[in-house]
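> First residue of the sequence shown? That's 2 in this note's numbering, and the numbers climb one at a time after it.
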Amino acid sequence: MLSQFPRVTLAHLPTPLEHAPRLSEALGGPQIYIKRDDCTGLATGGNKTRKLEFVMADALENKADVVITQGAVQSNHARQTAAAACKLGMACEMIFEHRVTDADDAYLNSGNVFLDRMYGATIHEVEKGTDMDAAMEKRADELRAEGKTPYIISGGASNKIGALGYIDCALETMTQADEQEVDIGHIVHATGSGGTQAGLIVGLQTSGSDIGLLGIGVASPYEEQIDKVWRVAEPTAEYVGSPGCVRREDIKVNTDYTGEGYGLSTPEMEEAVLMLARLEGILFDPVYSGKGLAGMIDLVRKGYFDQSENIVFLHTGGSAGLFGYSSILSL
Ligand SMILES: *Cc1c(COP(=O)(O)O)cnc(C)c1O
2 MLSQFPRVTL AHLPTPLEHA PRLSEALGGP QIYIKRDDCT GLATGGNKTR KLEFVMADAL
62 ENKADVVITQ GAVQSNHARQ TAAAACKLGM ACEMIFEHRV TDADDAYLNS GNVFLDRMYG
122 ATIHEVEKGT DMDAAMEKRA DELRAEGKTP YIISGGASNK IGALGYIDCA LETMTQADEQ
182 EVDIGHIVHA TGSGGTQAGL IVGLQTSGSD IGLLGIGVAS PYEEQIDKVW RVAEPTAEYV
242 GSPGCVRRED IKVNTDYTGE GYGLSTPEME EAVLMLARLE GILFDPVYSG KGLAGMIDLV
302 RKGYFDQSEN IVFLHTGGSA GLFGYSSILS L
């Protein structure tokens, strides 16, 4: 299904599907497996790298010499895009929204943004609430006027092209589960701009799989989060030749674990991040994967999942952000 689409190699694939025995035991419920998309390799890894394999290939097809993207100052997506651009010999510009108020020095200079500077990305900073798409268009116009060929990558690379990377991840995970003789009941992951969940659901639906897919929201209210996934899933289904394979009501999200908002700490997130570090030696981030994990842990404790099922937590990465958010954890 995916071989018809242009693709560049950026990620180390397949990423491991690992059992988490100590976490499973500590929670005393279903067996938990972790799909290690924090190990995609590029720029310390993360979920944007799979998407970028298709998006950067499209940029190359369009003869781009510079890519423009946007996000928060500690955007994992921006970091992986900057590295991909270096690897492919393109320039990279990013527009950062000051989404987090009261940001400290670590947030503004360490973690992801430190790596963006290492990769030589050109950084533009704008106020919270700026129309980010318009800001990218404006920058693209300026670059065109300078004779460059810019290519705009939507926030999180969440569009029908980027989502192909998560169709691939769904297929890869099902193949690994077969090989390991693990019958997966649910896949759970942090959902933000929606491309990861959109790709996964199209991958599962087109395979006729009965695996449940649950996105744990990290930013938006419930209906808005479903819309974000839906707005990518619908065109993605059509793009791969299966229009209508996903309905809006098939998209399952839970936004109970966002707390006060994007990038703001919750006690459940702190507990979850430290639990995984200390039980399994695996690093999660406070903004995305840590909140997703907090949701999964709480749902296991509440008996949401069947005791006998196997759950895959898709680890979407983000550990580079730990250094930008070091003050968030009370250590
Ligand atoms: C971007 C990101 C997500 C969310 O993925 P979307 O495709 O934007 O929904 C989850 N975890 C991490 C670490 C991310 O960087």
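Beta carbons are placed, not taken as given, at the ideal position from N, Cα and C, and that holds for glycine.
Since we're looking at a predicted model, the values are computed, not measured.
(1) In angstroms with no decimal places, state the Cα-to-Cα distance between A220 and A199.
(2) Does the CB of L201 have a neighbour CB from chain B at under 9 Å?
(3) Could you pull out every residue in the same chain whose Cβ sits closer than 6 Å to the Cβ of C87, ignoring the five residues on either side in sequence?
(4) Figure out for me which residue from V288, A58, V114 and D142 has the closest Cα to the Cα of G90.
(5) In or out: T176 buried (at least 16 other Cβ within 10 Å) or exposed?
(6) Closer than 8 Å by C-beta to K253: which residues in its own chain qualify, once you throw out the five before and the five after it? Chain order, please.
(7) Consult DSSP for P151 and reduce its assignment to one of helix, strand or coil.
(8) Pull up the DSSP beta-bridge partners for K36, would you.
(9) For A79, which three-state DSSP category applies?
(10) Under three-state DSSP, which class holds Q71?
(11) Taking M2 as part of the beta strand (DSSP E), name the residues at either end of that continuous run.
(12) Would you call K303 buried or exposed, if buried means 16 or more other Cβ atoms sit within 10 Å of its Cβ?
(13) Just to confirm, does G193 get its C-beta within under 8 Å of one of the non-hydrogen atoms of ligand 1?
(14) Alpha carbon to alpha carbon, what distance is there between G204 and E94?
With the given structure in hand:
(1) As a first step, residue 220 must be located in the sequence shown, where it is residue number 219. As a first step, residue 199 must be located in the sequence shown, where it is residue number 198. Taking the CA atoms as reference points, A220 sits about 16 Å from A199.
(2) Absence of chain B from the displayed structure is noted, only one protein chain being present.
(3) Locating residue 87 in the sequence shown gives position 86, counting from the first residue. Counting only residues of its own chain and dropping the five nearest sequence neighbours on each side, C87 has a CB closer than 6 Å to the CB of Y120.
(4) The residue you call residue 90 lines up with position 89 of the sequence shown. Nearest option by C-alpha distance: A58.
(5) Stepping through the sequence shown from its first residue, residue 176 is reached at position 175. It is exposed - the Cβ of T176 has fewer than 16 other Cβ atoms within 10 Å.
(6) Start at 1 with the first residue of the sequence shown, and residue 253 comes out as number 252. Around K253: G213, L214, L215 and G216.
(7) The residue you call residue 151 lines up with position 150 of the sequence shown. Shown here, P151 sits in a strand according to DSSP, grouped into three states.
(8) Counting from one through the sequence shown, the residue named residue 36 turns up at place 35. The partner list for K36 (beta bridge, DSSP) reads L18 and L315.
(9) Here residue 79 refers to the residue found at position 78 when the sequence shown is read from its first residue. DSSP places A79 in the helix class (H, G or I) of the three-state scheme.
(10) Walking along the sequence shown from the start, residue 71 turns up at place 70. For Q71, the three-state secondary structure derived from DSSP is strand.
(11) On the sequence shown, residue 2 is found 1 positions in, with the first residue counted as 1. No beta strand (DSSP E) holds M2; DSSP gives it neither H nor E.
(12) Here residue 303 refers to the residue found at position 302 when the sequence shown is read from its first residue. It counts as exposed.
(13) Here residue 193 corresponds to residue number 192 of the sequence shown, with the count starting at 1. Yes.
(14) Working through the sequence shown from its first residue, we reach residue 94 at position 93. Working through the sequence shown from its first residue, we reach residue 204 at position 203. So the two alpha carbons sit approximately 31 Å from each other.
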